[in-house]
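Offset between the sequence shown (1-based) and my numbering: plus 2.
Glycine is no exception: its CB is placed at the ideal position from the N, C-alpha and C atoms.
Below is one structure, written out as structure tokens, with a few remarks after it.
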Amino acid sequence: MGVLDGAALAIEAAAVRGAIDRGAVLVAVADGRVLGACVLDGREIVAIAVRRARRDQGIGTRLVGTAAERYATDEDELVAEFDRGVRPFYASLGFEIEPADEPGRFRGRRS
């Protein structure tokens, strides 16, 4: 939760606990310290965060890659909804991006 809170993501602790119970949270760890986390609901990324000091080191890319390997299938794509500021991150990972219903938000799909 510390990594997710540090990124100021709007995700409830109860939702994260539920995802942990379902085995739907991926965590990047080095030297016993959590560097990043990716929370999924089925094949949808509902939150992803990397510690500020560890950004631009490929951690988020690896988390999304692992999520795609585990949760996307030939029939189902990995999806995410996100703010404009992280659009370049998702675009760099091959997500096809379109505007979401809410202004300033986007929805991406990656097969």
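Nearest neighbour of residue i, chosen from the options [CA to CA]
i, options, result
"Phe-97", "Arg-112, Ala-55, Arg-24, Phe-84", "Arg-112"
"Asp-78", "Asp-85, Ala-16, Glu-46, Arg-56", "Glu-46"
"Gly-110", "Ala-39, Glu-104, Ala-93", "Ala-93"
"Arg-2", "Gly-106, Arg-35, Arg-19", "Because residue 2 is not part of the residues shown, which for the chain are 3 to 113, the question remains open."
"Ala-82", "Ile-22, Gly-38, Leu-42", "Leu-42"
"Gly-67", "Leu-28, Ala-21, Arg-19, Glu-104", "Leu-28"
Simplified DSSP state of residue i, which is helix, strand or coil
i, result
"Pro-90", "helix"
"Glu-71", "helix"
"Arg-57", "coil"
Per DSSP, cross-strand counterpart(s) of residue i
i, result
"Gly-110", "Ala-82, Ile-99"
"Ile-50", "Cys-40"
"Arg-35", "Ala-32"
"Val-27", "Val-41"
Other residues of its chain near residue i: CB distance less than 7 Å, five sequence neighbours each side excluded
i, result
"Ala-70", "Leu-80, Arg-112"
"Ile-13", "Leu-6, Val-41, Val-48, Ala-49"
Close-in-space but distant-in-sequence residues of the same chain around residue i (CB under 8 Å, 5 per side omitted)
i, result
"Asp-85", "Gly-106, Arg-107, Phe-108"
"Val-31", "Leu-37"
Beta-carbon proximity list for residue i, same chain, < 6 Å, skipping 5 on both sides
i, result
"Val-48", "Val-41"
"Arg-54", "none"
"Ile-61", "Ala-30, Leu-37, Gly-38, Val-52"
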